[in-house]
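Working notes, structure below.
Protein chains: 2
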Amino acid sequence: MVKLRRSRVEPPPEVCPLGECMSLISGAWSPHVIWYLRDGPRRFGELRADIKGVSAKVLTARLRQLERDGVVIRREVASSPPTVEYSLSELGAELRPAIAAIVDVGHRLKRRN
Amino acid sequence: MVKLRRSRVEPPPEVCPLGECMSLISGAWSPHVIWYLRDGPRRFGELRADIKGVSAKVLTARLRQLERDGVVIRREVASSPPTVEYSLSELGAELRPAIAAIVDVGHRLKRRN
DNA sequence: CCGTATCCATGACGATACTG
DNA sequence: CAGTATCGTCATGGATACGG
Chain Y
9 MVKLRRSRVE PPPEVCPLGE CMSLISGAWS PHVIWYLRDG PRRFGELRAD IKGVSAKVLT
69 ARLRQLERDG VVIRREVASS PPTVEYSLSE LGAELRPAIA AIVDVGHRLK RRN
Chain R
9 MVKLRRSRVE PPPEVCPLGE CMSLISGAWS PHVIWYLRDG PRRFGELRAD IKGVSAKVLT
69 ARLRQLERDG VVIRREVASS PPTVEYSLSE LGAELRPAIA AIVDVGHRLK RRN
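As given, the protein sequences belong to chains Y and R, one line each in that order.
Using the working numbering, read the first sequence as starting at 9 and increasing by one per residue.
Using the working numbering, read the second sequence as starting at 9 and increasing by one per residue.
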């Protein structure tokens, strides 16, 4: 999650903790993870190949964070060699249209410029 | 909040530039700006008060970036003292439901835990 | 009122090497 | 295959002082 640093003066309790909510997709690669899980479960190595440029360390970190947040589900498959399958939780899947909307606006802004 | 850093190695062009699109709301405070502009124009000082904890420097930086990206419109009002009005562009306004959706999922995840 | 300038701290990220 | 360990870099952001 991206940390919201607080000013020295303690702010009044936020009515809407927007920062906390947006931290669901914080990090450079979290949106990519959600994006590439949109059509079903993917293994670690598949995600790593899908998301070009991400390092194993960071991908692990983002997957762990998304798992803690309840967005992503991690499932170990007892095989040889052992594999791990990641998928979107029910609520995690609801982030997909939001990301798609942002991407859509991004593309249209790009075309306009 | 979170920052979308691009890797130093340029990714191949055939990839969907998800990172570029998501950079529209990169930075810890960009979603807040869009959020607090949702009901119409706001002045710099109003935004600074709305978005508790943001420094003037960073708020300026994010507003400039959003302006360059075409999300936000900056309008100087010739008054005494001079004021500045920020508002969402037409395409920028389309980011609002996306952010609202993420916030909604965030709240529901929070309630579940 | 609306910023800019400076300095500094944090931590997200990449690269590489290594492990169960 | 699916990570972990370590090290270094650099963008983001906070605090404070100052400027138009």
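C-beta atoms are modelled at their ideal positions from N, C-alpha and C, and glycine is treated no differently.
Please read these numbers as outputs of a predicted model, since none were measured by experiment.
Can you tell me whether residue i is helix, strand or coil according to DSSP?
{"i": "R/I59", "result": "coil"}
{"i": "Y/S38", "result": "helix"}
{"i": "R/R46", "result": "coil"}
{"i": "Y/G27", "result": "helix"}
{"i": "R/V79", "result": "coil"}
{"i": "Y/V111", "result": "helix"}
What span of residues does the beta strand (DSSP E) with residue i cover, start to end?
{"i": "Y/E98", "result": "Y/E98 -> not in any beta strand (DSSP E); alpha helix (DSSP H) instead, spanning 98 to 101."}
What residues match up with residue i in a beta bridge as DSSP calls it?
{"i": "R/V92", "result": "R/E84"}
{"i": "R/R120", "result": "Per DSSP, none; premise fails for R/R120."}
{"i": "Y/R51", "result": "Y/E93"}
What does the Cβ neighbour count give for residue i, buried or exposed, with the cut at 16 atoms within 10 Å?
{"i": "R/E85", "result": "The residue asked about is misnamed: residue 85 of chain R is Val in this sequence, not Glu. Exposed, because fewer than 16 other Cβ atoms sit within 10 Å of the Cβ of R/V85."}
{"i": "Y/A57", "result": "exposed"}
{"i": "Y/R82", "result": "exposed"}
{"i": "Y/P39", "result": "buried"}
{"i": "R/A36", "result": "buried"}
{"i": "R/S34", "result": "buried"}
{"i": "R/G27", "result": "buried"}
{"i": "Y/V17", "result": "Here Y/V17 scores only 33 on pLDDT, less than 50, and its place in the model is too uncertain to base an answer on."}
{"i": "R/S88", "result": "exposed"}
{"i": "Y/E53", "result": "It should be noted that the sequence gives Gly, not Glu, for residue 53 of chain Y. Y/G53 is exposed by the Cβ-count criterion."}
**Request:** Identify each residue in the region 80 to 114 of chain R for which the Cβ-Cβ distance to at least one residue of chain Y is less than 7 Å, and report them in chain order.
**Result:** L99, E102, L103, P105, A106, A109, I110, V111, V113, G114
**Request:** Give, in chain order, every residue of the region 33 to 52 of chain Y whose Cβ lies closer than 7 Å to some Cβ of chain R.
**Result:** I33, S34, G35, A36, P39, H40, W43
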